[in-house]
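Notes follow once the structure below has been shown.
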Amino acid sequence: RTRKRPKSDAISISSMDISIDSDISKKKKRRRITEVASSIFSSSTLGSKQRNSLHRSFTIQPSTPDLSFVNNETDTGTLKKKHKNNIENSNNFTIKSWILDVANINTKDKPNHILSRKEIKRQEAIYELYCGENVFISDLCILKDFYYEPLLSSGIFSSDELATVFGNITQLIEIHNKLKNELFDLRDKHGFTETVGSIILNWIPTLTKPYLERCRTQIWAKHLLDEKRSTNKRFQSFLKKRLESPHSVDLWTYIDVARSRIVKYPLLIKEILRHTIVTHIDQTSLKEAYDLISNLLKNIDKIMGDAECQLAQSKINIKLDYDPIKCIENATELITQGQLKDTRGMKFQCFLFNTGFAITRSTRSASKRYNLFCPVIPNEQICISTDEKSDICYGFKIGDHILITEDGHGKRHWIDSFNKVHKCSINSIENVIDNEKENEEILTPSKTNRSTRLSMNKISENNFSLTLKRSFLKQKRSSIGLI
34 RTRKRPKSDA
44 ISISSMDISI
54 DSDISKKKKR
64 RRITEVASSI
74 FSSSTLGSKQ
84 RNSLHRSFTI
94 QPSTPDLSFV
104 NNETDTGTLK
114 KKHKNNIENS
124 NNFTIKSWIL
134 DVANINTKDK
144 PNHILSRKEI
154 KRQEAIYELY
164 CGENVFISDL
174 CILKDFYYEP
184 LLSSGIFSSD
194 ELATVFGNIT
204 QLIEIHNKLK
214 NELFDLRDKH
224 GFTETVGSII
234 LNWIPTLTKP
244 YLERCRTQIW
254 AKHLLDEKRS
264 TNKRFQSFLK
274 KRLESPHSVD
284 LWTYIDVARS
294 RIVKYPLLIK
304 EILRHTIVTH
314 IDQTSLKEAY
324 DLISNLLKNI
334 DKIMGDAECQ
344 LAQSKINIKL
354 DYDPIKCIEN
364 ATELITQGQL
374 KDTRGMKFQC
384 FLFNTGFAIT
394 RSTRSASKRY
404 NLFCPVIPNE
414 QICISTDEKS
424 DICYGFKIGD
434 HILITEDGHG
444 KRHWIDSFNK
454 VHKCSINSIE
464 NVIDNEKENE
474 EILTPSKTNR
484 STRLSMNKIS
494 ENNFSLTLKR
504 SFLKQKRSSI
514 GLI
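The sequence shown begins at 34 in our numbering and counts up one residue at a time.
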């Protein structure tokens, strides 16, 4: 048995509250779900009061002491006025509900009009799409008024750099304003939207070109912003002044808002479709719209992957002695990258491409570039080994190098990434074997003898038979299984 500890003389801040009305020692009673629901939906007046209080608490306040940046920037009062208008138009953090804000079904024209629960949820889903567009447009306007336009006349960025960082903001605002206005016009005098599928279906193709370009350049935009932030003092001063405003948001959050918005459309459309009855006219058009936006996201994902690979390639100073077969130059996909250490604590920036593994060291220049530390390891020669009994629990060995990650999660991530490269290599070998087998089966007996002689000559030339390929494949599989 353990003895009880003697009472400590130390006191906490909470124990200082010895007032009669103190509720520390009282157990708070849990409220019922019905009580919570009734408190939210008791009346529209109460809801509006809550929305106003939330709006005052969470939105960016227009009373910023200094919104100016350079002497030739637009008048500070004008910026404050724009800021206030954007806040009032968006109500960013207001709780929105169609049945409280829009619905007006108890009218003389439709005194007995009753909506089913499913139809109400459908209207709420459509209204959520509308409110999201409203907030998104407001964020784009803030990005344009408080970041893009001041930087346009500051001389910190060139015109090409501004195009890379901000893209065509005006075009995006116009595109999303179109959908917002059309969704508003679809409502009847009771606030009810009958059909929405055709509008969304016709609107989605207008996203393809601007969003593919925006997401492609966004990878380079992040790199450019990081460089400017670390090397340009005027840009540092600009960002500091913007962040001094209450509840301000970092520039990158506004730049990334377009990508964050586009990935939500499949979920929003699916939610509307889920609450649409099977016989409704919107069923077909909403399904087509969902397929369109899903294909667009796949293309965006591919184009961002290509841009990420190109950016990584541009950071590495390639030496032909260390990369004679041009693994880095011929790479089409960056599997992963990150910082690893050796057993002495020396830091390396490592890049795993679909063609090979590069270990680099950062240069001393201001721009983040890397020199190859050792020859690039082609993916066919990558062999990973881990020793669980070793003192280095977060490390793995590749070739002659022992590399250490930050933690177990990092180690698992790198091993999974190497497995992905191995899988691609094995799949390509399996395809070669299957193709050769199919060709052998298709050939006629007379041609088979001829093809056999040709294939034997080919084997003797390459010194790598089909049997060796199969054994190599088996070794690959077993090596992966040991990881």
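Note that CB positions come from ideal geometry on N, CA and C, so glycine has one too.
Do residue i and residue j have their C-beta atoms closer together than 8 Å?
i, j, result
"ILE361", "GLN346", "yes"
"ILE206", "LEU173", "yes"
"LEU216", "LEU162", "yes"
"THR365", "CYS342", "yes"
"SER318", "LEU234", "yes"
"ALA340", "ILE202", "no"
"ILE305", "ARG155", "yes"
"ILE431", "ILE448", "no"
"ILE333", "LEU219", "no"
"PRO411", "THR388", "yes"
"LEU329", "THR226", "no"
"ILE153", "ILE132", "yes"
"PHE390", "VAL409", "yes"
"ASN137", "ILE189", "no"
"GLN372", "LEU385", "no"
"LYS444", "LYS401", "no"
Among residues of its own chain, excluding the 5 on either side of residue i, which ones have a beta-carbon nearer than 7 Å to its beta-carbon?
i, result
"LEU212", "GLU166 and TRP236"
"THR228", "ILE314 and ASP315"
"ASN404", "ASN350, THR393, ARG394 and THR396"
"ARG292", "CYS248 and GLN251"
"LYS303", "TYR323"
"GLU194", "LEU257"
"ASP440", "TYR427"
On the three-state DSSP scale, how would you describe residue i?
i, result
"TYR450", "Contrary to the premise, residue 450 reads as Ser rather than Tyr in this sequence. SER450 falls in the helix class under three-state DSSP."
"ALA364", "coil"
"PHE225", "coil"
"THR92", "Unreliable placement is indicated for THR92, whose pLDDT of 42 sits below 50; the coordinate value is still reported in the next sentence. If DSSP states are grouped into helix, strand and coil, THR92 belongs with coil."
"GLY200", "coil"
"ILE358", "coil"
"ASN235", "helix"
"PHE406", "coil"
"SER278", "coil"
"PHE179", "helix"
"LYS374", "strand"
"LEU133", "helix"
Tell me the residue span of the beta strand (DSSP E) that contains residue i.
i, result
"LYS255", "Unbroken run through LYS255 is the alpha helix (DSSP H), 241 to 264; no beta strand (DSSP E)."
"ILE435", "434 to 437"
"CYS383", "380 to 386"
"GLY428", "428 to 431"
"SER395", "389 to 395"
If I follow the unbroken alpha helix (DSSP H) through residue i, where does it start and stop?
i, result
"ARG220", "Careful: ARG220 lies outside any alpha helix (DSSP H) and carries neither H nor E."
"LYS154", "150 to 176"
"THR419", "Note, THR419: premise wrong, no alpha helix (DSSP H); not H, not E."
"VAL290", "290 to 295"
For residue i, which residues in the same chain have their Cβ closer than 8 Å to its Cβ, ignoring the five residues on either side in sequence?
i, result
"TYR180", "PHE199, ARG275, LEU284 and TYR287"
"ASP375", "PHE381, HIS434, ILE435, LEU436 and ILE437"
"LYS129", "TYR160, GLU161 and CYS164"
"LYS320", "LEU306"
"CYS591", "Residue 591 is absent from the structure shown; the chain starts at 34 and stops at 516."
"PRO238", "LEU325"
"VAL290", "PHE169, ASP172, LEU173 and LEU176"
"THR197", "THR250, TRP253, ALA254 and LEU257"
"LEU185", "LEU195"
Among the residues of its own chain, which have a CB less than 6 Å from the CB of residue i, if the five just before and after it don't count?
i, result
"SER231", "SER318"
"ARG294", "PHE169"
Cβ of residue i within 7 Å of any heavy atom in the ligand COA?
i, result
"ILE233", "For the structure depicted, the ligand COA is absent and the ligand set is empty, with no information on it obtainable."
Looking at chain C, is there any beta carbon in it that lies within less than 8 Å of the beta carbon of residue i?
i, result
"ASP193", "No chain C appears in this structure, which consists of one protein chain only."
Unbroken stretches of the alpha helix (DSSP H), 4 residues or longer, contained in the segment 307 to 354:
315 to 348
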